[in-house]
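Novice: Residues 82 to 260 in the numbering used here are what the sequence shown spells out, letter by letter. Here a beta-carbon is modelled for each residue, glycine too, at the ideal position from N, C-alpha and C. Please read all numbers here as calculations on a predicted model, not as lab measurements.
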Amino acid sequence: NAYEAREAVFSRDANYYAIPYRNSPYLEVYRRTTGDTFTKLSATAYSDAGMATLGAQAIQFSPTGRYLAVGYVSTQITTTKVSIFTVNGNTLTRVTDFYPGNGTGAHSGVFNLEWSEDESLIFLGMTNVTSNETVIVLQFNKSNNALSVITRVATGVAYTNKVNANNYGDEVIYGGFTQ
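This is the structure we're talking about:
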């Protein structure tokens, strides 16, 4: 469609699915109501400054389906971000925004993200053409919905378009490239 969907993901229980877009509305989330019928959830309007250029790129429900993480791509270092939403019934609520580009180099996008099984870690596959820190591991504190950087990994590639971790979150693999 005209919104340019980037991908689509189901929650593990298949009761929700979400779609990130390049353009407004940037994010749509649907809930299964009966059988194969889904209803769109209402969400906080998403028209943040700087995001309109490239929009939402990566999206993933947490293992329990309680949280939804969304990664954005931007032409501005300061506006590349990860947003965490809570998913509860028909309500989608943004609880935090985190800007991973405050470290070394020019992070211009979150291209992939994955949750650890216990929902305490989020693994980001990033673009960083200056320092090659394209994998970032974030700690997610569920008691206050805060995100913080545990480590930044210089992978040797400028673009990490896929990152994945084992169920314990102690081993990470990635795929990427340099142009």
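Return the first residue and the last residue of the beta strand (DSSP E) that T174 is part of.
Specialist: Looking at the DSSP string, the run of the beta strand (DSSP E) that includes T174 is T172 to F179.
Novice: If I follow the unbroken beta strand (DSSP E) through N169, where does it start and stop?
Specialist: Start and end: V163 to N169.
Novice: Quick check on S143: does DSSP put it in helix, strand or coil?
Specialist: Residue state, collapsed to three classes: coil.
Novice: Take F91 and list the residues in its own chain whose beta-carbon comes closer than 8 Å to its own, dropping the five residues that flank it on each side.
Specialist: Excluding sequence neighbours, F91 sits near Y97, Y98 and F142.
Novice: Roughly how many whole angstroms lie between the Cα atoms of A246 and D117?
Specialist: Near 31 Å, if we compare the C-alpha coordinates of D117 and A246.
Novice: Reducing DSSP to helix, strand and coil, say where R87 ends up.
Specialist: Note: R87 maps to coil in three-state DSSP.
Novice: Looking only at its own chain, which residues have a Cβ that is under 6 Å from the Cβ of Q220, when we skip the five neighbours before and after it?
Specialist: S229 and I231.
Novice: Report the residue from D178, A227, E200 and T215 whose alpha carbon sits nearest the alpha carbon of V151.
Specialist: When only C-alpha atoms are compared, the closest one is D178.
Novice: Name the two residues that bound the continuous beta strand (DSSP E) containing S229.
Specialist: Run containing S229: A227 to A235, per the beta strand (DSSP E) assignment.
Novice: Please state whether DSSP places R103 in a helix, a strand or coil.
Specialist: R103: coil per DSSP, three-state reduction.
Novice: In this structure, does DSSP put G190 in helix, strand or coil?
Specialist: G190 falls in the strand class under three-state DSSP.
Novice: Using the C-alpha atoms, what's the distance from A235 back to I140?
Specialist: Roughly 23 Å separates the two Cα atoms.
Novice: Just tell me which of N193, L202 and A227 has its CA closest to the CA of T215.
Specialist: Of N193, L202 and A227, the residue nearest in Cα terms is N193.
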